[in-house]
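Student: Sending over a structure as structure tokens; questions will come in a sec.
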Amino acid sequence: MNKNIKRRDFLRGMGTLTAAGLVSRGFKSARADSHTAPRHLFVIGALGGANILDSFMPLARDASAEAPGITSFAPSLIETVKGVDLRCVAPLTSEIAGPPPYSADFAQRTFLERHGADTAVMTLDHSSVNHGVGQRRAMNGGGTFQGRNLLEAVAAKYGDGMPLAAVNMMAGEFSQAGIDPALPEFARQVNVADARFFSLGAHGSLGLPLPVEDQTLARARAARDTLEQVSPFSTSFAHVQNRQRYLQLRERALQLEASGLAQKTSLVALPGFPAPAELPRISELLPNIATDTFEAQAALAYLLVKNGGSCAVGISPSDALSAEAGGTAKEPGAIRNPALAFDSSHNTHRIGQHVMWSRILRVSDALITLLKETEEPGFPGSSLWDHSLIYVATEFGRTRGRPVGFTRFGTGHFQNNGAVMISPLLRGGRVYGGLDTSTGLTYGFDRQSGAPVVGSTMAEKDVFSVVCQAMNVAFDGRTDVPTIVR
Amino acid sequence: MRTSMIAKTITCAALMVACGDNTKSPEEHLDRTELRWRRHHAVMADLGRALELSPEEVCRDADGKSCATIGPVRVTEYLQAHRGVLPENAEAVCAQLQGTAQCDDGAYLSERSPKGVHVFALGGNEPFLGTYTPLANPGLTTPLALDRVALLACGERARQDQEGSPKVFTEIDLSLPDVSSETAGLKETVRDLYKRLLARDATDVEVAILLAIADGPEELSAVEAVRLVCFAIATTTEAVYQ
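Structure representation (structure tokens):
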């Protein structure tokens, strides 16, 4: 290799080659096949019920006599990608044109072209059609691992010594912590509401209009610590548990401040906070981080993992209406996040699903690209992506019926669905399970062979188990699926 | 007679429930297993009252953004702050979303919506970001967010008192470039801050601990000293819990 070429440029070039399909995947030799290798988990909450039939398991209208009355697409709207045994929905350009106009500028096909080989779809039946319950179970596998959620489970294994091992920026009940009292303190998830201003909560004094010297502030904090030992309040409530926990939390918070993460994760211009060196590249891939909280979450997730701050991060779009800001080729006011996110399907199923899948996949693509371009510290020749997994979590699917001949219709909550996972740690490029074309219902597969089995179903704990298996996180009752994990 | 006794017993029992059990000693009253976290609205209100700052003045971080306030959020304000709409596009986007020729601007969600960059860390919910459930307990960023809020509020009071007629730091000459624990008025300031921030008298030990902040190796102006003393008191667990 030309020594004048920086490793970063080389990695970027490799990412481009991979995207173009010229090489199957970069850094195969260093694939995380060792149990001591690091792992990074990214959970993306597809809020509101992401229906697998509207992305990588679409049903063609001519697939069966019953298909026209089911959520199905004209055969011309179903696309395939060479070398990948997954299908997808073509851009529904005329349907999203409005009024009101919607923004769905990232094609599912593009995602499969770039990451299809790493994309595995696993059918499942959710256990609830209640948003909150479904979201919690998507995160904790129905409580299969002592009530830990996936972020906490991975953080407990890989997060010791990290200032923020598990970070949860997700909306709704995806944001809820697990309930395992035995979880180590360092693995407890830290919630972040607005990624754009995370830095402000990671440093107690940086960038204040009236600056304070570090040494001086340290003296004031030391005085505060002494007060905590001698004040009448401290004496009276010395053993109160939540006060004790707060004092420990304050010590850990000072470690977070000292870690310098605040200075490495500032996404928007904040006085006193330097812009991270990675920001120009991040902004190329995620151009709306200053105005779109979901893009900002993805950017922060990358920076947290890249800087060794976290090993498990959850992000999600919110359920609030979001429109394009203008200033780009996109039409100002075009809806990029419908109100209720995927749950907008109650009124406009196809548009809601299509726009939200585009949004989820576009941000996932950007995150994967960044991870591919970044070398894994301590593992020369491998990228962060080689050790990562993205799990698109959702609470349930959508009802299958629709009025024949209509493209604009509404759907309800439904248990039957499928989960999307993307990782070089998985044997991707295929669906695990199958689709009954006469009902639109998915069915499961044989765990040993991976072969579809009509009439069988997979559950939330199976998805939870596969993620943990890929992450090398062991727990009693894990239902391994050796055929999915490499 | 019997009826009267029963009535008296019921009355006494009701009073004990209503007013507390006076048979307990003060020590027994303090035998609590849990304290209540004082969240953003309590923190901001108390800081404002103690330091005689209006809700708008108490805390502005990151180039003037509110730290944590409660109030109405207008449609155009919401679009800019939470939905990434540029100010110049806000009216047009508002009108487009409403399906009207002109934006009918007004309260978007509620007259009492939490808003600010530290709301969530200080125990509030962020409905505009889909975070409907606030933290059950302080999170890892809570202590640092509180540090910033206290430094900003105390600093704002010190700045205003230095530049105008002092309201809170009246006992000390705020123009002094270097102070020590012996500086006239610093001790009185500490005692006054305890009354303002924690509603009690400081003990002599507490006063001594805080005065020592001014005796460090580097120079400390009067403004810096009162700000840091104020910060230290306002971020103790006594201020965080009740």
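If you're matching them up, the sequences are chains A and B in order.
If you want the numbering used here, it's the position in the first sequence, counting the first as 1, plus 2.
If you want the numbering used here, it's the position in the second sequence, counting the first as 1, plus 1088.
Just so you know, even glycine gets a beta-carbon here, dropped at the ideal spot from N, CA and C.
The structure displayed is predicted, hence computed values, not measured ones.
1) What residue from A:Leu323, A:Glu326, A:Ser346 and A:Ala300 has the CA that sits closest to Leu363 of chain A's CA?
2) Going straight from the alpha carbon of Ala158 of chain A to that of Ala476 of chain A, what length do you get?
3) Beta-carbon of Thr1157 of chain B versus every beta-carbon of chain A: anything under 7 Å?
4) What residues of chain A sit near Arg1120 of chain B, judged by a beta carbon separation below 8 Å?
5) Within 7 Å (strictly less), CB to CB, does Cys1107 of chain B reach chain A?
6) Beta-carbon of Ser261 of chain A versus every beta-carbon of chain B: anything under 7 Å?
7) Would Ser384 of chain A count as contacting chain B if we go by Cβ distances under 7 Å?
8) Counting only C-beta atoms, is Val469 of chain A closer than 7 Å to chain B at any point?
9) For a minimum of 3 consecutive residues, which ranges assigned as the beta strand (DSSP E) are wholly contained in the region 336-393 of chain A?
10) Listing by chain order, which chain A residues have their CB less than 7 Å from the CB of Pro1226 of chain B?
11) Rounded to the nearest angstrom, what separates Ala189 of chain A and Val156 of chain A at their Cα positions?
12) Chain B partners of Gly180 of chain A, CB-CB under 9 Å?
13) For chain A, find out if any of its Cβ atoms is closer than 7 Å to the Cβ of Thr1325 of chain B; answer yes or no.
14) Less than 7 Å between the C-beta atoms of Phe44 of chain A and Ala303 of chain A, yes or no?
15) Are the C-beta of Pro1231 of chain B and some C-beta of chain A separated by less than 7 Å?
16) Can you check which of these residues, B:Val1163, B:Phe1319 and B:Pro1215, is closest to Gln1190 of chain B by C-alpha distance?
17) Counting only beta-carbon atoms, is Phe1257 of chain B nearer than 7 Å to chain A?
18) What residues in the region 288-321 of chain A have a beta carbon less than 7 Å from any beta carbon of chain B?
19) Could you tell me the distance, in whole angstroms, from the CA atom of Arg226 of chain A to the CA atom of Leu1274 of chain B?
20) Answer with yes or no whether the minimum CB distance from Val192 of chain A to chain B is below 7 Å.
21) Checking the sheet assignment: what are the DSSP bridge partners for Glu1214 of chain B?
22) Compile a chain-ordered list of the residues in the region 1175-1204 of chain B whose CB is closer than 7 Å to at least one CB of chain A.
23) Who are the Cβ neighbours of Lys308 of chain A in its own chain at under 6 Å, not counting the five residues just before and after it?
24) Just the Cα atoms here: how many angstroms apart are Lys8 of chain A and Leu305 of chain A?
25) For the region 1299-1318 of chain B, list every residue whose C-beta sits within 7 Å of some C-beta in chain A, in sequence order.
26) With a CB to CB cut of under 8 Å and the five nearest residues on each side skipped, what residues in its chain are close to Thr267 of chain A?
27) Within the 7 Å Cβ cut-off, does Phe235 of chain A reach chain B?
28) Leaving out the 5 sequence neighbours to the left and right, which residues in its chain are closer than 8 Å to Phe29 of chain A when beta-carbon positions are compared?
29) What I want to know is whether the C-beta of Arg429 of chain A ends up closer than 6 Å to one or more non-hydrogen atoms of the ligand ZN.
30) Which of the three DSSP states is assigned to Glu81 of chain A in this structure?
31) Evaluate His241 of chain A with the Cβ neighbour count: other Cβ atoms within 10 Å of its Cβ, from every protein chain shown; 16 or more gives buried, anything less gives exposed.
32) If you measure between the beta carbons of Leu272 of chain A and Gly206 of chain A, is that distance less than 7 Å?
33) Can you tell me where the beta strand (DSSP E) with Asp438 of chain A in it begins and where it stops?
34) Shortest alpha-carbon distance to Ala39 of chain A belongs to which of A:Asn290, A:Asp438, A:Met124 and A:Gly380?
35) At the 7 Å Cβ level, is Gly51 of chain A part of the contact set with chain B, yes or no?
36) Would the region 224-239 of chain A and the region 1234-1254 of chain B be scored as touching if the rule is three or more Cβ pairs under 8 Å?
Tutor: Let me spell this out:
1) A:Ala300
2) 11 Å
3) No, Thr1157 of chain B lies away from the interface with chain A (no Cβ there is under 7 Å from its Cβ).
4) Phe239 and Val242
5) The pLDDT assigned to Cys1107 of chain B is 41, lower than 50, so where the model puts this residue is not dependable, and the model offers no usable value.
6) no
7) With a threshold of 7 Å between beta carbons, Ser384 of chain A makes no contact with chain B.
8) no
9) 337-339
10) Near Pro1226 of chain B (Cβ distances below 7 Å), the residues of chain A are Tyr248 and Leu251.
11) 8 Å
12) The contacting residues do not exist; Gly180 of chain A stays about 13 Å from chain B at best.
13) yes
14) yes
15) yes
16) B:Val1163
17) Chain A, which has no Cβ nearer than 7 Å to the Cβ of Phe1257 of chain B, makes this no.
18) Listed in sequence order: Asn290, Thr293, Asp294, Thr295, Ser320 and Asp321.
19) 17 Å
20) yes
21) B:Thr1219
22) Asn1177, Ala1180, Val1181, Gln1184 and Leu1185
23) The beta carbon of Lys308 of chain A sits closer than 6 Å to the beta carbons of Thr376 from its chain, once the five residues preceding and following it are set aside; these are given in chain order.
24) Unreliable positioning characterises Lys8 of chain A in this predicted model, as indicated by a pLDDT of 41, which lies under 50. The coordinate reading is nonetheless provided below. Cα to Cα, the separation comes out at about 20 Å.
25) Ala1300, Ile1301, Gly1304, Glu1306, Leu1308, Glu1312 and Leu1316
26) Phe200, Ser201, Ala204, Pro278, Leu302, Leu305, Leu306, Asn309 and Gly311
27) yes
28) Below a pLDDT of 50, predicted positions are generally treated as unreliable, and Phe29 of chain A, at 37, falls in that range; the measurement from the model is reported next regardless. Met16, Gly383, Ser384, Ser385 and Asp388.
29) Ligands displayed in this structure: none; no statement on the ligand ZN is therefore possible.
30) strand
31) exposed
32) no
33) Gly436 to Asp438
34) Ranking the options by Cα distance to Ala39 of chain A, first place goes to A:Gly380.
35) no
36) Result no; under three Cβ-Cβ pairs closer than 8 Å.
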